[in-house]
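Here the structure comes first, spelled out in structure tokens, and everything after it is commentary.
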Amino acid sequence: MGRRILNHDIMNCTADGVLGNHLYSGRAVGISNTDDILMLHPQLQHDWDALCAHYQRIGLDHSRQVVWDVDRGRLSDFADHQPSLFFFGPEEHQVRPDPAWHDAVVSMNCKNAFMTHAERLGVPVPLTRCFADVGAIGEHAIAETQFPCYLKASVSVSGVGIFRCTDADALRRACSELAPGTAVQIQQEVRAETFLNLQYQSDNGRAERLAATEQVLDGYVHQGNRHPAAHAPWELVDPLADWLGEVGMRGVFAFDLAVIEEPDGNEYLAIECNPRFNGASYPTLIAQKLGISDWLALAFGTRHRRLADLDLSGLEYNPATGTGVVLVNWGPIQVGKFLALLAGKRDRQQALAVELQGRL
Numbered sequence: 005m006g007r008r009i010l011n012h013d014i015m016n017c018t019a020d021g022v023l024g025n026h027l028y029s030g031r032a033v034g035i036s037n038t039d040d041i042l043m044l045h046p047q048l049q050h051d052w053d054a055l056c057a058h059y060q061r062i063g064l065d066h067s068r069q070v071v072w073d074v075d076r077g078r079l080s081d082f083a084d085h086q087p088s089l090f091f092f093g094p095e096e097h098q099v100r101p102d103p104a105w106h107d108a109v110v111s112m113n114c115k116n117a118f119m120t121h122a123e124r125l126g127v128p129v130p131l132t133r134c135f136a137d138v139g140a141i142g143e144h145a146i147a148e149t150q151f152p153c154y155l156k157a158s159v160s161v162s163g164v165g166i167f168r169c170t171d172a173d174a175l176r177r178a179c180s181e182l183a184p185g186t187a188v189q190i191q192q193e194v195r196a197e198t199f200l201n202l203q204y205q206s207d208n209g210r211a212e213r214l215a216a217t218e219q220v221l222d223g224y225v226h227q228g229n230r231h232p233a234a235h236a237p238w239e240l241v242d243p244l245a246d247w248l249g250e251v252g253m254r255g256v257f258a259f260d261l262a263v264i265e266e267p268d269g270n271e272y273l274a275i276e277c278n279p280r281f282n283g284a285s286y287p288t289l290i291a292q293k294l295g296i297s298d299w300l301a302l303a304f305g306t307r308h309r310r311l312a313d314l315d316l317s318g319l320e321y322n323p324a325t326g327t328g329v330v331l332v333n334w335g336p337i338q339v340g341k342f343l344a345l346l347a348g349k350r351d352r353q354q355a356l357a358v359e360l361q362g363r364l
């Protein structure tokens with residue numbers, strides 16, 4: 005891997021109102037190498053020294069070459085560095101053109117296109133009907149719908165434009181919430197207690213398996229991820245991953261799958277593709293750098309607003325024991341939240357979570 009320029013700001017592909025989302029670019033620090041360059045939001049300077057001290061104590065090498073600016077236009081200043089980006093959207097493509105990569109992202113970022121490609125390649129998916137225009141959903145289509153279901157805008161961000169509908173009236177109301185001309189899909193709700201995130205990494209036309217993690221949910225809200233997952237049905241989505249690699253996808257991407265547990269065996273259904281880094285990517289890559297095989301990445305709320313005030317004494321990751329706390333998404337502590345990796349077997353993860361929560 006050559007030298008990289010890392011800009012993992014998410015502000016061009018996140019919903020308005022997500023607390024502290026302008027501080028998420030800090031997640032790139034832990035996945036960087038010493039010869040990389042980091043582009044970070046200037047507000048993160050307040051906690052930079054405390055983060056570097058934490059990473060030094062736990063033995064996590066990272067870049068200290070920082071540009072305190074997340075303006076994507078500056079990617080052109082580092083033409084000799086390979087771009088590592090949270091999402092390769094239109095603005096990124098304009099500054100660092102890569103038509104094949106951009107086309108792959110645009111295609112997989114469209115839920116309707118994902119369903120078309122999944123069907124073409126034999127990837128199992130939930131019962132889904134796609135519509136080029138929400139206005140095309142008439143009474144006949146509603147009458148044929150099995151409830152509960154989800155009405156999903158074909159292109160959505162952070163769950164915006166996704167509605168759970170328990171009956172026909174709820175579906176009609178959801179349709180009225182979307183602008184005319186919006187492409188949508190009606191997807192039958194998948195009744196599952198376990199959801200998986202299967203990540204791949206693609207460069208030079210080849211997609212390679214990265215990690216299978218299990219999503220940690222509080223109701224429908226994603227709280228974190230656990231590794232290793234109890235299930236890893238790679239062979240189901242490998243065809244789609246291989247195709248994405250062949251057409252030019254670069255960097256990390258992932259599939260969300262539901263696990264349907266049946267008496268005669270499990271069924272797995274692919275829900276969607278994230279053609280970008282996702283919340284599981286950062287703990288996954290940090291864990292691989294540190295050689296951690298068992299971990300839980302979990303979101304925490306805190307009264308603290310500075311990283312230096314967070315007491316991790318006795319809890320920090322210890323390379324000798326292979327257990328402890330690693331800060332991953334550290335920037336949003338300025339608004340009272342952060343994400344940490346808890347390394348160790350499940351009982352140790354739980355003990356770390358309880359002890360850490362008591363200090364927040």
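In terms of the numbering used here, the sequence shown is residues 5 to 364. We put the beta carbon where it would ideally sit given N, CA and C, even for glycine. Please read all numbers here as calculations on a predicted model, not as lab measurements.
CB residue i to CB residue j, shorter than 8 Å?
i: Ala-274; j: Phe-257; result: no
i: Tyr-321; j: Val-332; result: no
i: Asp-13; j: Ser-36; result: no
i: Gln-203; j: Lys-156; result: no
i: Gly-34; j: Pro-323; result: no
i: Arg-210; j: Phe-91; result: no
i: Val-263; j: Thr-198; result: yes
i: Leu-345; j: Pro-287; result: yes
i: His-45; j: Val-74; result: yes
i: Gly-228; j: Leu-356; result: no
If you run the structure through DSSP and keep just helix, strand and coil, what is residue i?
i: Arg-319; result: At residue 319 the sequence reads Leu, which differs from the Arg that was named. Three-state DSSP puts Leu-319 in coil, outside helix and strand.
i: Ile-141; result: coil
i: Ile-296; result: coil
i: Val-188; result: strand
i: Asn-25; result: helix
i: Gly-60; result: The sequence shown places Gln at residue 60, rather than the Gly named in the question. Three-state DSSP puts Gln-60 in a helix.
i: Arg-310; result: coil
i: Gly-38; result: Sequence inspection shows Thr at residue 38; the Gly mentioned does not correspond to that position. Here Thr-38 sits in coil by DSSP.
i: Lys-115; result: helix
i: Val-33; result: helix
i: His-66; result: coil
i: Val-220; result: strand
i: Ala-178; result: helix
i: Glu-193; result: coil
i: Met-171; result: The displayed chain sequence assigns Asp, not Met, to residue 171. Three-state DSSP puts Asp-171 in coil, outside helix and strand.
i: Gly-362; result: coil
i: Gln-150; result: coil
i: Asp-13; result: coil
Leaving aside the five residues before and after residue i along the sequence, list all residues of the same chain whose C-beta is less than 6 Å from its C-beta, in chain order.
i: Leu-261; result: Leu-200, Tyr-272 and Ala-274
i: Thr-306; result: Gly-340 and Leu-364
i: Asn-282; result: Ala-258
i: Ala-178; result: Leu-155, Phe-167 and Cys-169
i: Gly-335; result: Leu-27, Gly-30 and Leu-48
i: Leu-125; result: Pro-243 and Leu-244
i: Gln-69; result: Ile-41
Within the same chain, show all residues whose beta-carbon is closer than 8 Å to that of residue i, passing over the 5 residues directly before and after it, in chain order.
i: Arg-310; result: His-50, Asp-51, Ala-54, Ile-337 and Gln-338
i: Val-194; result: Pro-130, Ala-262, Ile-264, Leu-273 and Ile-275
i: Arg-8; result: Ser-36, Asn-37, Asp-40, Ile-41, His-85, Gln-86, Pro-87 and Ser-88
i: Pro-2; result: Because the chain is modelled from 5 through 364, residue 2 falls outside the range shown and cannot be assessed.
Just to confirm my understanding: we take residue i, look at its own chain, exclude 5 residues before and 5 after, and list those with CB closer than 7 Å. What are they?
i: Asp-207; result: Arg-254
i: Glu-359; result: Leu-319
i: Ala-233; result: Leu-200, Ala-216, Thr-217 and Glu-218
* **Cβ contact (3+ pairs, closer than 8 Å) linking the segment 206-221 and the segment 90-97** => Touching, no.
* To do: Could you say if the segment 151-170 and the segment 102-117 meet the contact criterion of at least three C-beta pairs nearer than 8 Å?
  => Under the 8 Å Cβ criterion, the segment 151-170 counts as touching the segment 102-117, having at least three qualifying pairs.
* To do: Could you name each continuous alpha helix (DSSP H) segment of 4 residues or more that falls completely within the segment 82-106, going from the start of the chain to the end?
  => The qualifying runs are 94-99.
* Between the segment 241-254 and the segment 103-111, do three or more beta carbon pairs fall short of 8 Å? -> Contact between the segment 241-254 and the segment 103-111 is present, with at least three C-beta pairs closer than 8 Å.
* Asked: Considering only residues of the segment 219-289, which uninterrupted alpha helix (DSSP H) runs meet the minimum length of 4 residues and lie entirely inside it, listed in chain order?
  -> Runs found: 238-251.
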